[in-house]
Amino acid sequence: MKLSGNTVLITGGSSGIGLAMAEAFLDGGSKVIVCARDQQHLLDAQRKRPDLEVQVCDIADEAARKTLAAFVTERFPGLNVLVNNAGVQRDIDLTRGLDDFGAGDNELRVNLEAPIILSALLVPLLARNPNPALINVSSGLGFVPMANMPVYCASKAGMHAFSLAIRVQLAKLGVKVFEIVPPMVDTDLNPAGRAKRGGFKAGLGPEEFVGAVMQGLANDTPEIGYGMTAGYAAASRAELDRRFAEMNARWGS
Ligand SMILES: NC(=O)c1ccc[n+]([C@@H]2O[C@H](COP(=O)([O-])OP(=O)(O)OC[C@H]3O[C@@H](n4cnc5c(N)ncnc54)[C@H](OP(=O)(O)O)[C@@H]3O)[C@@H](O)[C@H]2O)c1
Numbered sequence: 000m001k002l003s004g005n006t007v008l009i010t011g012g013s014s015g016i017g018l019a020m021a022e023a024f025l026d027g028g029s030k031v032i033v034c035a036r037d038q039q040h041l042l043d044a045q046r047k048r049p050d051l052e053v054q055v056c057d058i059a060d061e062a063a064r065k066t067l068a069a070f071v072t073e074r075f076p077g078l079n080v081l082v083n084n085a086g087v088q089r090d091i092d093l094t095r096g097l098d099d100f101g102a103g104d105n106e107l108r109v110n111l112e113a114p115i116i117l118s119a120l121l122v123p124l125l126a127r128n129p130n131p132a133l134i135n136v137s138s139g140l141g142f143v144p145m146a147n148m149p150v151y152c153a154s155k156a157g158m159h160a161f162s163l164a165i166r167v168q169l170a171k172l173g174v175k176v177f178e179i180v181p182p183m184v185d186t187d188l189n190p191a192g193r194a195k196r197g198g199f200k201a202g203l204g205p206e207e208f209v210g211a212v213m214q215g216l217a218n219d220t221p222e223i224g225y226g227m228t229a230g231y232a233a234a235s236r237a238e239l240d241r242r243f244a245e246m247n248a249r250w251g252s
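For the sequence shown, numbering that gives the first Met the number 0 assigns the number 0 to the initial residue and increments by one for each residue that follows.
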């Protein structure tokens, strides 16, 4: 896809991968609007990049989503790229019944339902403009799930399936669909889970990862992985099973 001259809405663009993508699109000469729940974080991002447009929105909230779609349609009628990036991740142990599931953000709503509905709300606008694209951020954990995050992994596997199907549907409107498949990146995602695992760092920052993502977008690569996830799109079922067994070998021990 063309990396300049776009009008881009990035959900969850106040930190991490979303903010790094926002900066990369701004640097390439696109207009960028980001949304997130925390106004202070949005204002911090805008202080760093005064050319960034920011909007408070909880994408899990139906009314807020509609308000966001109406806002961008009116203020940014040239919107041609939607990046479904906002996401939450929690360790959830279902052996404890519903306790963990109900104790925080609903990952199915934020990571899967919201991007599907936002896409539906905005695809007609994207398709009216030149070079339209829908960019979904899934996860390596949608391909190779981890036992301590069953709901997150299910939401991301759903995002992968959604991306495959919607790519075929939107082809007739000329909307390109990309799926970004991050490996572990050092961001603010799931601080409690990361602390439980000893504050483990992947040694991969969002800027380095997004550098590879922008290259993939420029090359029209439909599924963009990096490092450990680079081969997931082409991996056989046997290979994914092997990685799954390896990743979960110590679960419960
Ligand atoms: N980091 C990784 O290792 C990794 C690996 C694979 C996939 N991913 C995916 O990459 C995406 C970005 O994550 P990240 O690592 O950059 O994490 P992050 O730094 O925590 O960023 C998440 C962003 O999403 C926003 N957000 C969360 N819930 C929201 C909601 N309900 N409505 C609107 N915005 C919301 C957050 O802002 P507020 O909290 O203020 O709303 C923040 O801007 C996610 O989809 C994540 O699942 C990350």
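Every residue gets a Cβ at the ideal spot worked out from N, C-alpha and C, and that includes glycine. These figures come from a predicted structure and were not determined experimentally.
Reduced DSSP secondary structure (H/G/I, E/B, other) of residue i
i, result
"F177", "strand"
"V33", "strand"
"T276", "The first residue shown for the chain is 0 and the last is 252, placing residue 276 beyond what the model contains."
"N135", "strand"
"Q54", "strand"
"L140", "helix"
"G17", "helix"
"V184", "coil"
"I223", "strand"
"I115", "helix"
"I91", "coil"
"L8", "strand"
Per-residue burial, residue i [other beta carbons within 10 Å of its own, 16 or more giving buried]
i, result
"N218", "exposed"
"Q88", "buried"
"P190", "exposed"
"V162", "For the record, residue 162 in the displayed sequence is Ser; it is not Val. Its Cβ being crowded by 16 or more others within 10 Å, S162 is buried."
"V167", "exposed"
"A160", "exposed"
"P205", "buried"
"L41", "buried"
"K30", "buried"
"A85", "buried"
"F199", "exposed"
"T94", "exposed"
"S18", "A small correction: the amino acid at residue 18 is Leu; Ser does not occupy that position in the sequence shown. Looking at its Cβ environment, which holds 16 or more other Cβ atoms inside 10 Å, L18 is buried."
"P49", "exposed"
"R127", "exposed"
"P131", "buried"
Presumed contact (8 Å Cβ cut-off) between residue i and residue j, rounded CB distance
i, j, result
"N83", "T10", "6 Å"
"R90", "K195", "Looking at the sequence itself, residue 90 is Asp, so the reference to Arg does not match. Their Cβ separation, rounded to whole angstroms, is 7 Å, which keeps D90 and K195 in contact under 8 Å."
"L121", "L81", "5 Å"
"V209", "A35", "So it is not a contact: roughly 17 Å between Cβ atoms."
"T228", "G139", "4 Å"
"I179", "I134", "6 Å"
"A44", "V55", "So it is not a contact: roughly 12 Å between Cβ atoms."
"F75", "I16", "With a Cβ gap of about 22 Å, F75 and I16 do not count as contacting."
Query raised in the report: Pairing CB atoms from the segment 102-111 with CB atoms from the segment 144-158, are three or more of them under 8 Å?
Result: yes
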